[in-house]
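First comes the structure, then the notes that go with it.
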Amino acid sequence: MGRITASTVIAAVLAGIPGAIHGPTAAAPAHTLVVSAYEYTFQAPDSLPAGVVTMRLVNRGTKAHQVVVGRLDDSSSLDRVMRSLTADKARTGGIRWVGGVESALAGESSETILPLTSGRYVLICSYDGDHGLAHMALGMIRSLVVTPGSLVTTRSLPAAQTTIALSDYHLGISSPLHSGKQLVRIVNVGEHRHHLFIGRIVGNATTDEIMKWDGKSQPAPLQDMSGGAAAMDPGQASVIEMDLKPGRYALACVLSNGGGSKPHYLLGMHDEIVVR
Ligand SMILES: [Cu+2]
């Protein structure tokens, strides 16, 4: 089982960077679920019917947050899963991570489109806080019940111009991303859990400088880090809307397989793209 948390560096990178709220998007599948993030809690409906769901994370806090969506196995106890998540996020069984919004900077919002089948879910923010406590341990964990509704599969997702395939350990981008809004399908075709972090590269910063950045020193090598796809187990797919400015972007998976193993970006899961 891999850690679902982003690296401490990226969590630090994401903390407290101000930005504007993006406008609503055109894509409107069956349901929209608004999840508001605060320090340290989520506000969201308790339930919604199954279907293709647009989950919109609205960050009303002062730090960066995320929402990762996990479906409980039918035999899992919600209490036990929530307790083990807050105690040791690295070793939580009985749950399947299906995606979510990897990051929304303070004051920003971002969306992901997910196929949610009926069942019991948890929403968490796994970013590390200032004192070594994960945001979920401070209260950013919430249950969600998806009641029977439309029959959904990953084939129910809206069409996307570009697909990014997450594999062990590579990012496969099917066609170039362009400036402006576009839908991008993210699919985990590997055998390990992956996610997608994306940030715009400032100036002439190199991959080496980005990887060595402590998340605080200025000038920062990355900006515009809202969006991406949160942790997905093998076989999961979601569609995210990207709204890109021209420039260079860094894409990476910073999850690891646990046990002190290297993060996936050091194994090849990173890429740099140019958006025109
Ligand atoms: Cu990965």
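Residue numbers (the numbering used here): 34 to 309. Heads up, the beta-carbon is just placed ideally off N, CA and C, and yes, glycines get one too.
Selection from R113, V134, G293 and S200 that minimises the alpha carbon distance to I128: Comparing Cα positions, the closest option is R113.
Outcome for H297 when other beta-carbon atoms lying within 10 angstroms are tallied against a minimum of 16: Buried, because 16 or more other Cβ atoms sit within 10 Å of the Cβ of H297.
Closer than 7 Å: H64 CB and nearest ligand 1 heavy atom: Not so, every heavy atom of ligand 1 lies at least 7 Å from the Cβ.
Element boundaries [beta strand (DSSP E), containing T180]: Residues I174 to T180.
Short Cβ contact (8 Å threshold) for D234 with A270: For the record, residue 234 in the displayed sequence is Ile; it is not Asp. The Cβ atoms of I234 and A270 lie no closer than 8 Å to each other.
Nearest-angstrom Cα separation, counted from V67 out to T145: Between the alpha carbons of T145 and V67 lies a distance of about 11 Å.
Through-space distance from S212 to D107, alpha-carbon basis: For D107 and S212, the distance between alpha carbons rounds to 42 Å.
Coil, strand or helix - A120 by DSSP: The DSSP-derived three-state label of A120 is helix.
Local Cβ density within 10 Å of G268, reported as buried at 16 or more and exposed below that: It is exposed - the Cβ of G268 has fewer than 16 other Cβ atoms within 10 Å.
Boundaries (first-last residue) of the alpha helix (DSSP H) holding T240: That run of the alpha helix (DSSP H) goes T240 to K245.
Cβ neighbour criterion (16 or more within 10 Å) applied to R104: It counts as buried.
Continuous beta strand (DSSP E) stretch holding M275: start and end: Element bounds for M275: A270 to L277.
Backbone CA spacing between R116 and L184 [nearest angstrom]: In a straight line, the C-alpha of R116 is about 31 Å away from that of L184.
Short Cβ contact (8 Å threshold) for V91 with S69: With respect to the 8 Å criterion, V91 and S69 are classified as neighbours on the basis of their beta carbons.
Cβ shell of G162 (< 7 Å), same chain only, five flanking positions each side left out: Listed in chain order, the non-local C-beta contacts of G162 below 7 Å within the same chain comprise H168 and L171, local neighbours out to five positions each way being set aside.
First and last residue of the uninterrupted beta strand (DSSP E) at V287: Where V287 is concerned, there is no enclosing beta strand (DSSP E), because DSSP gives it neither an H nor an E.
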